[in-house]
Structure formats: C-alpha cells, structure tokens
Amino acid sequence: WIQIAACVAILGGYWYFFYQYTIPPAERNAIKEYLAEKHGLDEKEISQFTGLAAHWNKHTNAAAAVDRVLLNWFPRNEEPWRGQSFWINRGGYQTLNFVPSIVTMLLGVLAGRLLRSEWTPRRKLEVLWYAAFGCFLFALAIDTNIWPDAIREWTGARWSLCPVVKRIWTPSWTIFSGGWAFALLAFFYWVIEIKERQRWSFPFIVVGMNSITMYMMAQLMKPWVARMLKIHLGTIDALFGWDHGIRYYLFSSEFAYQPILQACTVLLMLWLVCLWLHHHKIYVRI
C-alpha cells in the first residue's frame, strides 16, 4: 500500500506541477521566433492541445521551462541565441521525465512482488487483469483523445484532463502504458506459467535475462553494428560478384523494406551477443 500511495502522490504532484504553470507571453513569443528562425517551424509546433490540456503542449510546458533554466547552466555546443544556448529539445523530451518514470518502475515492482507472493497462479492472473483494465479505464476517463474516433463522434466527448503523451511521460501515459504492461504480463504468465507452454519463449528469455545489457547495446552500439555489417557484408557481396547482394537489401534506400531488414539484422546481432552471455551464464545486474 505504501508503494501504491507513492504512485498516487508522484503522479498527482507531477500533474499539478504542469497544471499550475502558464508560460509567460514573452517567453512563448521567443520560442516561436526561435522555432521559425532555427527550424523553419510555425506555431503548430507548440499548439497541439487547447483548453486544460494546453498545459502539456510541446516546448511550452512546465518541464520544458525547467530545462531552459537547468540545461543553460552547463556548457553546450549550440550557438547561443538571445543569450541562451538551450531553448528546446527538438523531440520534446524533457529532463524531468524521470519523475513519472519512477511510477512506471514502481508498477513493475508491484507486479514482481505479486508474482513472488504465495497466492495461487489463478489469483495472480486475476489481479494482473484487474490492474490492466483499471489502468485502461482510468486513462480513458481522463483523456478522450485516445478513444476511437467513431466513439468520440457518437458520444461527443472532447475532454482531456491530462493528455496521453509519451515524450513527456505524462501521468496519463504512465497509467495507460502501465495497463498495457499488466495486460501483456498477464497474457504471458497465463501461457508460460499456467498453460506451461514455454519452448517458444526461449528467444525472449535470452533477452530478459540480460535486459540491461540489451538496452545499453541498443542505445550505444546500434550505429556501430550497422557500420560493421555494411563493411563486412560488402566484402561478401564483392566476393560473390553480387550487384544487388545482402548489402543492397540492408542499406540501399532504393529497396522499400530496407529500414525493416536493417533493424531486424542489427537486433539479431545484439541478440546473439545476449545468447553467448546466456550460454556462459553471464548476467549483468544492478
């Protein structure tokens, strides 16, 4: 219950932090000018929502305002504009995203404690499904933007107390994504633990046993792995005299499915590293 209370307090406090903030007109105008001059963007970049939900608009929300203070304390490569090196994160990601992310981690802790409890497998499965549906219903209740268009048109629902936005990890996104996590966990728990159909899950076990390693490799090594593939697969193509060989399908923009094949091939390389670690019982933990 303490962890649940902590989740409520964090999400409630973070919601209020955004709700109480209104960007000063002068700062908003400066951001508009910066976006137009530096990125060729108009006001649509900062006007995704209206009404109450406007407190979560891109670049003009409370977390973005914190970054315009915090990140200008540190040296940056950007050329200063009106005395500041940092104005916006192009993707809209903010430093304070870690705050609601704490709740995402706590939901994982709660799920883990549930699975390790003495309850029967059937009871555990029921609680996971209840948690999933509860999260879904709560998210749907506070943001109608995620409703199917047909239902919105039929009901006329147009409210949003907190928009579901992944890039700033809004409280509603935290709950909505938590619902999906609970639902998927319930499904896999039912298949693997209750129905005992486990063989198919081996590729996922390899990644799950070294999830931190896989995550760090995916964040830090993907470009390098892609470059190495391009070099060495090019050698194979040259050896066999292929004009449209393996490298063409993985790296040529002329091939429509190139991005998908390249991403899958890089993922396979990273998975093979995890497979080697799993075979030698090497697991990275924090």
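Numbering (our numbering), first residue to last: 21 to 306.
Here a beta-carbon is modelled for each residue, glycine too, at the ideal position from N, C-alpha and C.
- Per the coordinates, the alpha-carbon of Leu-116 lies some 14 Å from the alpha-carbon of Thr-124.
- Rounded to whole angstroms, the Cβ separation of Tyr-209 and Lys-144 is 7 Å, and the two are in contact under 8 Å.
- When DSSP reads this structure, Trp-101 sits in a beta bridge with Gln-104.
- Burial check for Ile-302: the Cβ neighbour count within 10 Å stays below 16, so the residue is exposed.
- Counted as a single uninterrupted DSSP element, the alpha helix (DSSP H) harbouring Gly-199 occupies residues 191-209.
- Spanning the alpha carbons of Tyr-235 and Thr-285 requires a straight line of approximately 16 Å.
- Bridge partners of Asp-87 according to DSSP: none are assigned.
- In terms of Cβ geometry, Ile-122 and Ile-30 form a close pair [threshold 9 Å].
- Contact between Leu-160 and Ile-166 holds: their C-beta atoms lie close to 7 Å from each other, under 8 Å.
- According to the DSSP secondary-structure assignment, Ser-180 is paired through a beta bridge with Asp-163.
- Inter-residue distance for Glu-146 and Trp-296 is about 36 Å (C-alpha atoms, whole angstroms).
- By the CB criterion at 9 Å, Leu-253 and Leu-270 fall inside the cutoff.
- DSSP, reduced to helix, strand and coil, places Met-241 outside both helices and strands of the structure shown, so it counts as coil.
- Relative to Phe-38, the option among Gln-114, Met-237, His-300 whose CA is nearest is Gln-114.
- A distance below 9 Å separates the beta carbons of Arg-305 and Ile-232.
- A distance below 7 Å between beta-carbons, with the five flanking residues on each side excluded, links Trp-21 to no residue of its chain.
- Annotated as distal: Pro-191 and Trp-291, with beta-carbon spacing of 9 Å or more.
- Between the alpha carbons of Ala-84 and Gly-111 lies a distance of about 11 Å.
- Fewer than three beta-carbon pairs drawn from the region 59-77 and the region 88-103 are found closer than 8 Å, and the two stretches are therefore not classed as touching.
- Selection Ala-246, Val-293, Ala-203 evaluated against Gly-228 yields Val-293 as nearest (Cα-Cα).
- The beta carbons of Phe-202 and Leu-148 sit closer together than 9 Å.
- Taking every protein chain shown into account, the CB of Asp-87 has 16 or more other CB atoms within 10 angstroms, so this residue is buried.
- Straight across, the Cα-Cα distance linking Met-237 with Thr-175 is about 46 Å.
- Between Ser-180 and Ala-73, the C-beta gap is smaller than 9 Å, which places the two residues in contact.
- Straight-line spacing of the CA atoms in Glu-138 and Glu-274 works out to 56 Å.
- Where Ile-30 is concerned, the enclosing alpha helix (DSSP H) starts and stops at 22-39.
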